[in-house]
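Right, dumping it as structure tokens:
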């Protein structure tokens with residue numbers, strides 16, 4: 001059925017009775033010890049994939065199957081939520097089944113898929129309800145970045161110039177500079193701000 005844990009063109013054509021990979025609309029290889037499914041990237045008309053109980057860890061090959069509607073990959077080795085990003089361009093995708101993969105135990109698994117793949121209506125045998133969508137969106141983690149120096153511009157050219165230091169999250173003013181443009185004083189409030197942002 002496969003060679004070196006890779007699903008082969010020969011195996012697919014024999015089982016599907018198709019004459020070419022472009023004709024294949026459905027594949028089913030359950031419990032075949034398959035790890036590499038890169039061959040599916042050559043099946044543009046593939047609509048349904050049933051590859052449960054294998055050793056598949058990457059979803060990248062499926063990104064080349066624009067007509068894919070269903071992916072059944074229970075009991076495989078998919079471990080990272082980012083793998084589902086490969087499926088973003090599959091507008092026809094409606095059903096996913098990934099239970100018993102390591103990724104299914106990752107915190108926020110269901111919410112991540114609902115957010116990332118809004119076209120999917122059923123996940124792991126459970127319908128995605130309209131109420132779950134805003135909840136999933138609200139659960140998206142906010143990306144926090146440390147404040148960094150964006151701009152340092154003198155308001156005038158006198159020896160004690162007032163400058164503004166713009167940070168991502170706060171504006172800090174009144175830093176005095178010497179005429180040599182060396183930092184003279186740093187207000188205690190600024191020190192406190194920097195300490196809290198570390």
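In the UniProt record's numbering, the protein residues as written are 1 to 198.
Glycine residues also receive a C-beta, built at the ideal position from the N, C-alpha and C atoms.
Model, not experiment: these values are computed from the prediction.
Asked                                                                                                   : Found
Supposed close pair residue 119, residue 91 - CB separation, criterion 8 Å                              : 6 Å
Three CB pairs or more closer than 8 Å across the region 129-137 and the region 111-118                 : yes
Residue 97 burial status per 10 Å Cβ neighbour count (16 or more: buried)                               : buried
Presumed contact (8 Å Cβ cut-off) between residue 94 and residue 55, rounded CB distance                : About 25 Å separates the two Cβ atoms, so there is no contact after all.
Secondary structure, beta strand (DSSP E): runs of 3+ residues fully inside the region 12-63            : 26-28, 48-50
Distance, residue 116 Cα to residue 137 Cα                                                              : 9 Å
Pick from 52, 42, 85, 78 that is closest to residue 106, judged by C-alpha positions                    : 78
Local conformation of residue 126 per DSSP, three classes                                               : strand
Status (buried if at least 16 other CB within 10 Å, exposed otherwise) for residue 141                  : exposed
Alpha carbon of residue 139 to alpha carbon of residue 128, nearest angstrom                            : 16 Å
Start-to-end residues for the alpha helix (DSSP H) that takes in residue 113                            : 109-116
Expected contact under 8 Å - CB spacing of residue 49 and residue 71 to nearest Å                       : 5 Å
Close Cβ partners of residue 24 (< 8 Å) along its chain, the five nearest in sequence each way excluded : 12, 13, 16, 18, 43, 45, 46
Which listed residue (59, 7, 73) has its alpha carbon closest to that of residue 87                     : 59
For residue 71: DSSP bridge partner residues                                                            : 49, 96
Range covered by the alpha helix (DSSP H) that runs through residue 132                                 : 132-138
Closest by C-alpha distance to residue 41, when choosing among 63, 5, 126                               : 63
Span separating the alpha-carbon of residue 76 from that of residue 22                                  : 26 Å
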